[in-house]
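Working notes for the structure below.
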Amino acid sequence: MSQSHRIGGGQIDRTQPLNFTFDGKSFVGHPGDTLASALLANGVQLMGRSFKYHRPRGPLSAGSEEPNALVELRSGARQEPNTRATVAELFDGLQARSQNRWPSLAYDALSINDRLNSFFTAGFYYKTFMWPAAFWEKLYEPIIRRAAGLGSMSRLEDPDDYDKGFLHCDLLIIGAGPAGLMAALTAGRAGLRVVLADEDFRMGGRLNAETYAVGDHSGADWATAVQSELVSLPNVRLMTRTTVVGAFDHGIYSAVERVSDHLPTPLAGKPRQTLWRIYTAHALLTGGATERPIPFENNDRPGIMLAGSLRAYANRWGVAAGDRVAIFTNNDDGLRSATDLQSKGVDVVAVIDSREGGTLLPGIRHLRGAQVIDSAGRLGLKSITVRGPNGKVETISANALGVSGGWNPNVNITSHHRSRPDWRDDIAAFVPGSGGPANLHCAGAAAGHMSTHAALKSGAEAARHIAESMGKQAPYVLPVAEDAPVQITPLWYVPGGKGRAWIDQQNDVTVKDIKLAHQENFTSVEHMKRYTTLGMATDQGKTGNVIGLALMAELTGQSIPATGTTIYRPPYTPVAMGALAGRSRGKEFKPFRLTPSHKWAAEQGAIFVEVGNWLRTQWLPRPGETTWRQSVDREVLQTRKSVGICDVTTLGKIDIQGTDAGLFLDRVYANTFSTLPVGKCRYGLMLREDGMVFDDGTTARMAEHEYVMTTTTANAVTVFRHLEFCRQCLWPDLDVQLISTTEAWAQYSVAGPNARNLLAKLVDQDISDAAFPYMGAGNITVCGGLRARLFRISFSGELAYEIAVPTRYGDALIRKLVEVGAEFDAVVYGTETLGVMRIEKGHVAGGELNGQSSALNMGLGKMVSKKKDSIGMAMTLREGLNQPGGLRLVGVRPVDPAASISAGSHFLPLGAAPTAENDGGWLTSKVFSPHLGCDIALGYLKAGDQKIGTRMRAVNFLTQVDTEVEIVSPHFFDPEGERLRA
Amino acid sequence: MRYSGFRVIAEALTGHKGWKPVWRDPTPQPDYDYIIVGGGGHGLATAYYLAKEFKQARIAVLEKGYLGGGNVGRNTTIIRSNYLLDGNEPFYEFSLKLWEGLEQDFNYNAMVSQRGIMNLIHTDAQRDAFTRRGNGMILHGADAVLLSRDEVKAIYPFLNFDNARFPIKGALAQKRGGTVRHDAVAWGYARGADLRGVDLIQNCEVTGMRIENGKIRGVETSRGFIGAKKVGVAVAGSSSRVMSHAGMRLPMESHVLQAFVSEGLKPLIDGVMTFGAGHFYVSQSDKGGLVFGGDIDGYNSYAQRGNLPVIEDVAEGGMALMPMIGRARLLRTWGGIMDMSMDGSPIIDKTGVEGLYFNGGWCYGGFKATPASGWCFAHLLATDQPHKTATAYRFDRFAKGLMIDEKGQGATPNLH
Amino acid sequence: MIINHPILGPRDAQEFVYLGDASLINRPDGLTASPAEMHDYVYLRDNPAGLHRELWYHEQGDRSWLVVTRNTVTHEITKVEMARDVARSMGRSK
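Protein chains in written order, with the working numbering: chain A, 1120 to 2101; chain B, 56 to 471; chain C, -10 to 83.
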């Protein structure tokens, strides 16, 4: 198909054709085109459907404010819904489809909504669909949900990569129009570190869309020349296709660079987009202004667009959106569109100027004091109806209409910290208010400086001011440019019509909706927005919000500033979720922490389990084992029979040294450590200040002033943080130092009757029971001199040790342990076996250390020393922590050994109804004990200490399992502890 | 004026001229029997139930900004009663039951939609904890089901089942959970209260409290003194500020929680889903936007806006769970101020000042509590007795050691 | 946010972990404090809208606890001190 609407000029490369498709139909455009400009060049105006009424729509704009021309771009896993055709750069092979229509864009079944529009007013759904109650989920809502939404997702994994980057600068300039370029030039020459970012793929801003000169050049050429100089400055970084989307605290801005969206697929090794976090001393908003329309009846037809966009298509892209063009304006800028188009040979059939006075355009039918009151054309504009100054109504044939209701400075980012903009009557627009982000300055049209000269000057001035505040001189010379004043007589909407006049085109919010909101007293700006959905579409109301506000001001009889404004929220334009997530996805969502035995275990075919960010061996299957239980039972039985080895490196390890180390430990542990002899370990119970158990572990005294603490895996970080708080904030003069050594030592548990025999083959010193008794601890050497630490502690109830070597020897040590363990048939066991043995032994862990339990709950109440102050001690005295019938740790086993029980089941008395009143507590952890041949569990049971020997039910309603259980001591195995003292 | 489908049709045929204001803009009276401070969801619900269920009159709601402008208009719209602890579960189940009849009760379609909520399970320990919770819910008369990995996959096949850092092992689901159109809740209660004679006074900020001999006499406001026999405060993130007028320090901190919505998309996610291995939860609104969130920013704030690290953290959780959403776009972020209490649970109680009552400490869970919070607060205000489902929500639970700590984090508000 | 660490200079707040009100430094002695004193220390906060002295921990850094004076309405930070120095100035020692 030929480019029927392509005219001369523009910044496109006509030598190179780019083939693309829209709804399966093939077209040709050129480099420099957007999808919208290329479609318009091919005579395609109809690009989308509106959200509610499914009205046919074409592009309203030529930029990121676009509410209408949204398409699904690309296909397969790269399908990208809601892409604005007005900013989608054309590339060869681009595929786009219209969205939110069925069966086709031209014939959309749901356009029935348009005919039913009198029912579908603002908020109608709040008043109906209530009866019968069940029909909402079953009937009404499913219909609404199916009809709603815009584009669709592929449901496939996004195949592209995203990156994150960090930049530091003195000055971030947001927008590379005349003000931004002039500011960058001034600040760059002064030696500031400058980042200049622009959302467009071509710098220059409006200069690219206008015909007037800057100095001796055209505006676009001046922009190119400035860029050339900026590129030569090493302290200036130019970023095109980069939208600054958010202003955060203390000079941090986020920006999205669309690295590859202009290509069919990202180049090898390149991301699709990069999220930049920019740290800057100052920022300068030079983001320009956005034109707003004037609502009139049926003002939403394809072919009706913003006047400035109409001329941008002509000047920048060499496209005439129609061949019979009319302009409707309330300000002088609209007249420029008429003269620009006419000078390009486009037939300008009329200029409808709502103002009575002003200059009369030569050679054009310029109707002053007139208004467009209606339009016709179902899928594209055919004619407009105009009411002249004398009230005479005429129909004018036109297939494109440019509308200009004035320009709104792009204040969005200045209100990201919730400051509100100020109203200026002379330009009939909001400008940035005070109280915005610190050190964010504004210049150019974004600050209300609407002429090219004013933009250049304010940009240079702002840069000079910032440079001087940083001790740099920044002289500048301004090029000569037009300095036309803003001549506007506000016309917020065309009154008198009976039909609908659109304010928010995407969400189908019309003048009538605002009037209804007013009638129903949704007059606060926020109520109006929320009730009508004005400004909540993907364009965030960039073209419509101010109009809605002005209308509400008129209805309430207040001024616009007194009516207020809603606050623009980040991001400035919608941001791909992938860019915000960056590389943190899939397996890289969180870093892996691997234990020293990981490589060895992987070689052995270990099954790993996620424990926080750690991967730990869960069990180690042997040939012939087909279920995990076979492996775990074997590991347990063999450990209890001979010896087992387990990597316990993940436990937190903290070295605590200093002359006050013992005193410090007495304060952070509920029990006492200052009396612990050198060379011994003790179990420690750590409370939070609210008296609940925080953590537990063993702490060893390695020397007079040197302790080694272990924490649980889960709390390694938080315990260390807490200890530093105590050390620095509570007792700053204690002589005590802390360092986390979790990653410095590889540590293995060696447990079982042959544990000593096995270790004796490695340890250079005497570790006989006499020399190294139960709860002994010491510095030793292994394998002929390698420094190591040995602790005779047991989590399994067996004769057991934990041996630690510097981490880099961890891999060697596991291999050595396995090698010398061969003669004892040593097994290596994982976290499942660890769990079985600790529950057999009645030790508390994850399920019991739930942050909601006191020492008394755990049967450890006596460990809390009342003779000394320690963190949490005072709070344990409260009545709620000492209730006689409170929860106590118990052991649980099914009366029928073949029956199963599960953790999370609740206790109910035999025969009692399943009610909360009868709820006795719950099972915290459950395993199968190969030693006992049945399921066993730990649980918290109300008055559990008095219920040992009784029977209850353990009920799991979720799995429909109701088992009679016996309440027993939590110490299932070797309750006297003879084995661990062997 | 009663709303109905017939009414909508009748108005459509006559040009919508008959719709009346949903509430009046009354001038404050010199004094009231009850003043509710805070025109958010909880305050409006309190006024509504005081008038409707407890037959009280001479009630005013004072709102410093616009009705429903606080957290009721800034949340992610989820309702559920899947709580763990006995102090909480009866209350939230009561709330869910009220949601189930709410629209017919106040004659406003708030789009209460019970499309279900599922909490994904990623570890065996999590399954144990969720099993405990699910059974507790059932014992309290709520509903809960445990879903297997395959059952989750059948519902949401596009989740990351094959390449996940933390594998999905199932879910605890509550089918009666779901979402509600948040603004409509505020408007429905406001309209219902207004119809029953409650004065809803906007742009009226409480600047002081008049207390004589230990008894409340009224409140100083930006529109002058207004007398009252009883004053109930329900101002969420502003709790500490307002109660400081009565000389009280509270067991809470104010924190910012950000919320997020994507561009409109064709239906993907029917119910609500929480990702148990990251800070991410999501649902899809009837308009098609994915509504999602994560953790609070973590520092005290009254700014109603947050910072970038949490935005990225939430997006990472989303991508880890649903690898397709890389190409969906985040449309808007915003922040609300959460009244984070010391154990993560709320307070509905009398104070040391006779006639002054407090409702707060909702953390980021206040929306789902709105009906029961209003009902229970109205009960307390009208009868001076706590409602039977809210007996645990006392100020003195901290002094007595009777905390309701769902997350087991202790007196660290930003961790709840 | 950026916290200007007294030793390390400006650092992204993401490197820190937040605890809360700096009044947590002022811990009463558990053996001698009344239950009410202990309750107020553990559970009550001023929670001001405005200047707030608060504890931040440089976990991804030098492990210093800092007392940051920050405006909770604007997030502006006006002062950053080593918590140890603040604790000493409040009379805390051993």
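Backbone N, C-alpha and C fix where the C-beta goes; we use that ideal spot for every residue, glycine too.
- Per DSSP, Thr2082 (chain A) lies in no alpha helix (DSSP H); the unbroken beta strand (DSSP E) holding it starts and ends at 2080 to 2087.
- At a beta-carbon threshold of 8 Å, the residues of chain A lying near Ile(-9) (chain C) are Asp1368, His1369, Gly1370, Ile1371, Tyr1398, ordered along the chain.
- Per DSSP, Glu1729 (chain A) is one residue of the beta strand (DSSP E) stretching across 1726 to 1730.
- Distance between Ile66 (chain C) and Asn60 (chain C), taken at the CA atoms: about 6 Å.
- The bridge partners DSSP lists for Asn60 (chain C) are C:Leu40.
- Beta-bridge pairing by DSSP links Ser1973 (chain A) to A:Met1811.
- The DSSP assignment places complete beta strand (DSSP E) segments of no fewer than 3 residues inside the stretch 1746 to 1823 of chain A at 1763 to 1766, 1771 to 1776, 1799 to 1806, 1812 to 1822, in order along the chain.
- Bridge pairing for Ser317 (chain B): B:Leu385 [DSSP].
- Contact check between the stretch 1206 to 1224 of chain A and the stretch 1158 to 1169 of chain A: three or more CB pairs, one atom from each, fall below 8 Å, which counts as touching.
- Within 7 Å of the CB of Glu48 (chain C), the CB atoms of chain A belong to Arg1840, in sequence order along the chain.
- By the rule that beta-carbons nearer than 8 Å mark a contact, Gly1970 (chain A) touches chain B.
- For Pro1594 (chain A), the closest Cβ of chain C is not nearer than 8 Å.
- Annotated three-state conformation of Ala1253 (chain A) is coil, per DSSP.
- By the C-beta criterion, the stretch 1538 to 1550 of chain A is judged not to be in contact with the stretch 1457 to 1470 of chain A, since fewer than 3 inter-stretch pairs fall below 8 Å.
- Secondary structure remark: continuous alpha helix (DSSP H) runs of at least 4 residues inside the stretch 1541 to 1629 of chain A, in chain order: 1571 to 1588.
- Considering only beta carbons, no part of the stretch 1645 to 1671 of chain A lies closer than 8 Å to chain C.
- Phe1210 (chain A) is not bridged by DSSP to any residue.
- A residue is called buried when at least 16 other Cβ atoms come within 10 angstroms of its Cβ; Ser1913 (chain A) meets this threshold and is buried.
- Every unbroken stretch of the beta strand (DSSP E) spanning 3 or more residues and falling wholly within the stretch 253 to 334 of chain B is given here in chain order: 254 to 256, 261 to 267, 270 to 276, 279 to 288, 307 to 319, 327 to 330.
- Its chain contains Val1644, Lys1648 as the residues whose beta carbon lies nearer than 6 Å to that of Thr1685 (chain A), once the 5 sequence neighbours on both sides are disregarded; these appear in chain order.
- Within chain B, the residues placing a beta-carbon under 9 Å from that of Met1249 (chain A) are Tyr58, Ser59, Gly60, Glu158, Gln159, Asn162, Tyr163, Asn164, ordered along the chain.
- Residue-level contact check: Pro1412 (chain A) does not touch chain C, since none of the beta carbons of chain C fall below 8 Å from its beta carbon.
- A residue is called buried when at least 16 other Cβ atoms come within 10 angstroms of its Cβ; Ala1316 (chain A) meets this threshold and is buried.
- By the neighbour-count criterion, in which a residue is buried when 16 or more other Cβ atoms sit within 10 angstroms of its Cβ, Trp54 (chain C) is buried.
- Take the alpha-carbon of Gly1676 (chain A) and the one of Gly1552 (chain A): they are about 23 Å apart.
- Along the stretch 17 to 50 of chain C, going in chain order, the ones with a CB nearer than 9 Å to a CB of chain B are Pro24, Ala25, His28, Asp29, Val31, Tyr32, Leu33, Arg34, Asp35, Asn36, Pro37, Ala38, Gly39, His41, Glu43, Trp45.
- At a cut-off of 8 Å, the C-beta of Thr61 (chain C) has a neighbouring C-beta in chain B.
- For Pro1178 (chain A), no pairing in a beta bridge is given by DSSP.
- Neighbours of Leu305 (chain B) in chain C, taken as residues at a C-beta separation under 8 Å, are given in chain order as Leu33, Arg34, Asn36.
- Contact check for Gly1683 (chain A) against Val1628 (chain A) fails: the beta carbons are separated by 8 Å or more.
- Residues of the stretch 1732 to 1744 of chain A with a C-beta less than 8 Å from any C-beta of chain B: none at all.
- Nearest CB-CB separation between Glu318 (chain B) and chain A: below the 8 Å threshold.
- Taking the Cα of Glu66 (chain B) as reference, the smallest distance to any Cα among A:Phe1238, A:Asn2037, A:Arg1741, A:Leu1996 is reached at A:Phe1238.
- Following the DSSP letters along the chain, one finds Glu1639 (chain A) in no alpha helix (DSSP H), marked with neither H nor E.
- The residue from B:Glu108, B:Arg62, B:Gly225, B:Asp238 with its alpha-carbon nearest to that of His1646 (chain A) is B:Asp238.
- In the displayed model, Asn1201 (chain A) falls within a strand according to three-state DSSP.
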